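*Asks:*
2 protein chains.
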Amino acid sequence: MISVVILGAGNVATHLFRVFNKTENITVKQWFNRNLKSLDHFKNSVAITNDLAALTDADIYILAVSDDAIADISGQLPFKNKLVVHTSGCVNIHDMDKKNRRGVLYPLQTFSKAAPIDFSNVPICIETLDKKDYLLLKQLALSIGSPTKRVNSDQRKVLHLAAVFVNNFTNQLYRIGHEITESESAEFDLLKPLILETAKKVQNMSPYMAQTGPAKRDDKKTIKNHLSLLENNHHKEIYNLLTDSIKLTHGRKKL
Amino acid sequence: MISVVILGAGNVATHLFRVFNKTENITVKQWFNRNLKSLDHFKNSVAITNDLAALTDADIYILAVSDDAIADISGQLPFKNKLVVHTSGCVNIHDMDKKNRRGVLYPLQTFSKAAPIDFSNVPICIETLDKKDYLLLKQLALSIGSPTKRVNSDQRKVLHLAAVFVNNFTNQLYRIGHEITESESAEFDLLKPLILETAKKVQNMSPYMAQTGPAKRDDKKTIKNHLSLLENNHHKEIYNLLTDSIKLTHGRKKL
Ligand SMILES: NC(=O)c1ccc[n+]([C@@H]2O[C@H](COP(=O)([O-])OP(=O)(O)OC[C@H]3O[C@@H](n4cnc5c(N)ncnc54)[C@H](OP(=O)(O)O)[C@@H]3O)[C@@H](O)[C@H]2O)c1
Ligand SMILES: NC(=O)c1ccc[n+]([C@@H]2O[C@H](COP(=O)([O-])OP(=O)(O)OC[C@H]3O[C@@H](n4cnc5c(N)ncnc54)[C@H](OP(=O)(O)O)[C@@H]3O)[C@@H](O)[C@H]2O)c1
Chain C
31 MISVVILGAG
41 NVATHLFRVF
51 NKTENITVKQ
61 WFNRNLKSLD
71 HFKNSVAITN
81 DLAALTDADI
91 YILAVSDDAI
101 ADISGQLPFK
111 NKLVVHTSGC
121 VNIHDMDKKN
131 RRGVLYPLQT
141 FSKAAPIDFS
151 NVPICIETLD
161 KKDYLLLKQL
171 ALSIGSPTKR
181 VNSDQRKVLH
191 LAAVFVNNFT
201 NQLYRIGHEI
211 TESESAEFDL
221 LKPLILETAK
231 KVQNMSPYMA
241 QTGPAKRDDK
251 KTIKNHLSLL
261 ENNHHKEIYN
271 LLTDSIKLTH
281 GRKKL
Chain F
31 MISVVILGAG
41 NVATHLFRVF
51 NKTENITVKQ
61 WFNRNLKSLD
71 HFKNSVAITN
81 DLAALTDADI
91 YILAVSDDAI
101 ADISGQLPFK
111 NKLVVHTSGC
121 VNIHDMDKKN
131 RRGVLYPLQT
141 FSKAAPIDFS
151 NVPICIETLD
161 KKDYLLLKQL
171 ALSIGSPTKR
181 VNSDQRKVLH
191 LAAVFVNNFT
201 NQLYRIGHEI
211 TESESAEFDL
221 LKPLILETAK
231 KVQNMSPYMA
241 QTGPAKRDDK
251 KTIKNHLSLL
261 ENNHHKEIYN
271 LLTDSIKLTH
281 GRKKL
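Protein chains in written order, with our numbering: chain C, 31 to 285; chain F, 31 to 285.
1. To be precise: take each residue of the stretch 247-258 of chain C, compare its Cβ to all Cβ atoms of chain F, and keep it if any distance is under 7 angstroms. Which residues remain?
2. Looking only at its chain, what residues have a beta carbon closer than 7 angstroms to the beta carbon of C:Asn182, apart from the 5 residues adjacent to it on each side?
3. Which residues of the stretch 127-149 of chain F have a Cβ closer than 8 angstroms to any Cβ of chain C? Give them in chain order.
4. How many angstroms separate the CA atom of C:His280 from the CA atom of C:Ala240?
5. Considering only the beta carbon of each residue, do F:Val95 and F:Gly38 sit closer than 8 angstroms?
6. Between C:Ala22 and ligand 2, is the CB less than 7 angstroms from at least one heavy atom?
7. So, with DSSP's three-state summary, where would you put C:Lys230?
8. Cβ-heavy atom distance between C:Phe199 and ligand 1 below 7 angstroms?
9. Once the 5 residues before and after F:Val211 are set aside, which same chain residues still bring their CB inside 6 angstroms of it?
10. Taking only the alpha-carbon atoms, compute the straight-line gap between C:Thr178 and C:Arg64 and give it to the nearest angstrom.
11. What separation, rounded to the nearest whole angstrom, lies between the Cα atoms of C:Ile225 and F:His190?
12. Would you say F:Arg64 touches ligand 2, meaning its beta carbon is less than 7 angstroms from a heavy atom?
13. In this structure, what does DSSP give as the bridge partners for F:Gln139?
14. Do three or more CB pairs link the stretch 46-57 of chain F to the stretch 166-180 of chain F at distances below 8 angstroms?
15. Measure the C-alpha to C-alpha separation of F:Pro223 and C:Ile154 and round it to an integer number of angstroms.
16. Which chain A residues sit within Cβ distance under 9 angstroms of C:Ile276?
17. Can you find a CB in chain F that lies within less than 8 angstroms of the CB of C:Tyr238?
18. From F:Leu166 to C:Lys266, what distance separates their C-alpha atoms?
19. Among C:Tyr238, C:Ile253, C:Ala192 and C:Ile36, which one has its Cα closest to the Cα of C:Leu82?
20. Any heavy atom of ligand 2 closer than 7 angstroms to the CB of F:Arg188?
21. Under 7 angstroms from any heavy atom of ligand 1, does the C-beta of C:Asp102 make it?
22. So who's on the other strand from C:Tyr91, going by DSSP bridges?
23. Determine the extent of the alpha helix (DSSP H) in which F:Arg205 is found, giving its start and end residues.
24. Could you work out which residue in F:Ser258, F:Lys231, F:Ser275 and F:Lys230 is closest to F:Ala245 when comparing CA atoms only?
25. Is the Cβ-Cβ distance between C:Lys110 and C:Thr86 less than 8 angstroms?
26. Output yes if chain C places a C-beta closer than 8 angstroms to the C-beta of F:Asn122; else output no.
27. Hey, out of F:Lys129, F:Gly243 and F:Phe149, whose CA is closest to C:Asp97's CA?
28. For F:Pro108, would you say it is in contact with chain C, using Cβ-to-Cβ distances shorter than 8 angstroms as the test?
29. Verify the contact flag: F:Gly207, CB atom, against every heavy atom of ligand 1, threshold strictly below 7 angstroms.
30. Which chain F residues are close to C:Ser225, counting only those with a beta carbon under 7 angstroms from its beta carbon?
31. Give the single residue among C:Lys143, C:Phe195, C:Arg205 and C:Lys277 whose Cα lies nearest to the Cα of C:Asn41.
32. Return the chain-ordered list of same chain residues with a C-beta closer than 6 angstroms to the C-beta of C:Lys231, the five sequence neighbours on each side being excluded.
33. Does the beta carbon of F:His116 fall short of 7 angstroms from some heavy atom of ligand 2?
34. Is C:Pro177 near ligand 1, in the sense that its beta carbon is under 7 angstroms from a heavy atom of that ligand?
35. Return yes when the Cβ of F:Val114 is within less than 8 angstroms of the Cβ of F:Ile27, no when it is not.
36. Among F:Thr252, F:Ala193, F:Lys128 and F:Ser33, whose alpha-carbon lies nearest the alpha-carbon of F:Tyr136?
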């Protein structure tokens, strides 16, 4: 049995609580948040507190709080030599107070409270300073069905950066697709199967191999047509920059 | 029974042949390509030809050839008053020779010969000049299980343009994610579930609502960290432009 205390009550903390709570060999001994209201809903299933001094004994303390609060809270913990981990993609392991054993449990997925999460689709990137702690965190992750990977702070930062490209920036391209289609009262819905297929394709093929379209073919006529259709200068700029990027990648253009 | 002649032997033509051939109420009467070699493999299942003058009678002639060849081939057809359609996202319906009844059957999906296609995930955008032809094309599309939508030439052009954003440009962001992770020997594979989740999210939620991350929050510290991690100036430019785009969309910045 692995015993856990969760700190924070946001997107990540809430999904972790839910999955831990239904996992046989994990017990959530306590749930802390500075503001008890967010925990009210769960007070019948777990001991809740807003007092760091009242934290109970456990194998792992998970700081699922905002990046900026991690260092500070780690310093306020009223014990030492315990395993304390954060869940951030971009906070260094050494930013936490060294009075405790430190680790990172970074779930490489996008969480919102409302959307259900299947933890078998959440790769968990683990970093620790101590080998024994690594094995314990790995066991925790495997218990909830997540694939795990040992990842150091530099690799984790780069994964977090790459996640911004494939998640936030990609989503913004969907948004632009939405704006462009609505402007001609065409339906964005028609693009949804293509969006899904594009994501599925790179599950088994490199993005390099999966590329198609006018930029890769350097089809000047279509590119010119597209630019003349785009009324928004900002969209034009994005069209030009990503077209150049594809040309560079596929040897149609030199830097 | 709907009878069809296919012209062209590329990605689209090949997938159309395969699905028509296994659909009960559709018969492919003949398959034309200027170069017979590409059709050789199919010569036992369908009549093949490389001679436009030898085209046989059918309800629909589908020009699944390169955009630039559509007008030319439509002019060379040795008959008139037949229904002739092309499959392109960006060629005008009026670019085809008016001696025949004209239409468009634009499959809004990405096709490559090797990858299997489920036509229930291929929305087919239909345009015709004549109402009766519209109903026939709709019946053809429904027979292979595809959703259909009546779309005029302006809407189709805009859908084709939006498809470049959500397919080619998105795929290039995946490519950049690949380059960035490899540069730190982190694994691109770890990003694959996130890529899929990002695409799934907008199936039921607008991209506007689905957005998260440092640009939307205007989290200056993380943005600065990310820019300092990016060594490639071209990647930096893309990071800045898409970050600005998200800020504009979410009211964090004005044009
Ligand atoms: N969301 C994701 O998709 C995702 C994915 C991977 C990793 N992460 C990482 O996981 C961590 C949590 O993210 P999240 O999305 O769950 O955040 P969130 O939903 O914004 O929740 C943040 C939590 O931190 C608490 N908090 C903030 N400042 C605090 C302070 N000074 N003292 C004490 N508590 C404080 C908040 O308390 P109140 O309730 O009182 O405001 C809240 O419970 C972050 O490190 C994030 O980088 C997030
Ligand atoms: N691929 C997609 O994802 C996709 C999606 C939606 C719509 N479309 C549209 O579908 C059409 C076909 O695309 P595709 O990807 O199937 O193309 P493709 O694989 O490049 O095949 C093009 C076909 O056109 C023939 N062709 C080219 N120039 C010709 C000419 N001057 N005279 C006669 N035949 C000629 C080629 O003949 P040879 O075999 O002799 O070279 C080949 O059979 C295009 O209008 C395209 O815009 C494509």
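In this text, a Cβ means the ideal position worked out from N, Cα and C, and glycines have one as well.
Just so we're clear, the structure is a prediction, and the values are computed from it rather than from any experiment.
*Replies:* Here's the rundown:
1. For the stretch 247-258 of chain C, the residues whose beta carbon sits under 7 angstroms from a beta carbon of chain F are, in order, Thr252, Asn255 and His256.
2. Glu157
3. Per Cβ criterion, the list reads Leu138, Gln139, Thr140, Ser142 and Ala145.
4. Taking the straight line from one Cα to the other gives about 12 angstroms.
5. yes
6. Because residue 22 of chain C is not part of the residues shown, which for chain C are 31 to 285, the question remains open.
7. Three-state DSSP puts C:Lys230 in a helix.
8. Checking every heavy atom of ligand 1 against the Cβ of C:Phe199, none is found closer than 7 angstroms.
9. A small correction: the amino acid at residue 211 of chain F is Thr; Val does not occupy that position in the sequence shown. Closer than 6 angstroms at Cβ, skipping near neighbours: Phe218.
10. 30 angstroms
11. Rounded to whole angstroms, C:Ile225 to F:His190 spans 13 angstroms at the Cα level.
12. Within the cutoff, so yes.
13. Paired residues: none, contrary to the question.
14. yes
15. 11 angstroms
16. In the displayed structure, chain A is absent; the protein chains listed are C and F.
17. Closer than 8 angstroms to some Cβ of chain F, the Cβ of C:Tyr238 qualifies, so yes.
18. 38 angstroms
19. C:Ile36
20. For the sequence presented, residue 188 of chain F should be read as Val rather than Arg. No; taking the cut-off as 7 angstroms, the Cβ of F:Val188 has no heavy atom of ligand 2 nearer than that.
21. yes
22. C:Val35 and C:Val114
23. Thr200 to Ser213
24. F:Ser275
25. no
26. no
27. F:Gly243
28. no
29. no
30. In the sequence as presented, Ser is not what sits at residue 225 of chain C; that position holds Ile. Residues of chain F passing the Cβ test: Val196, Ala229 and Val232.
31. C:Lys143
32. Ala240
33. yes
34. no
35. Since the first residue of chain F shown is 31 and the last is 285, residue 27 of chain F is not available in this structure.
36. F:Ala193
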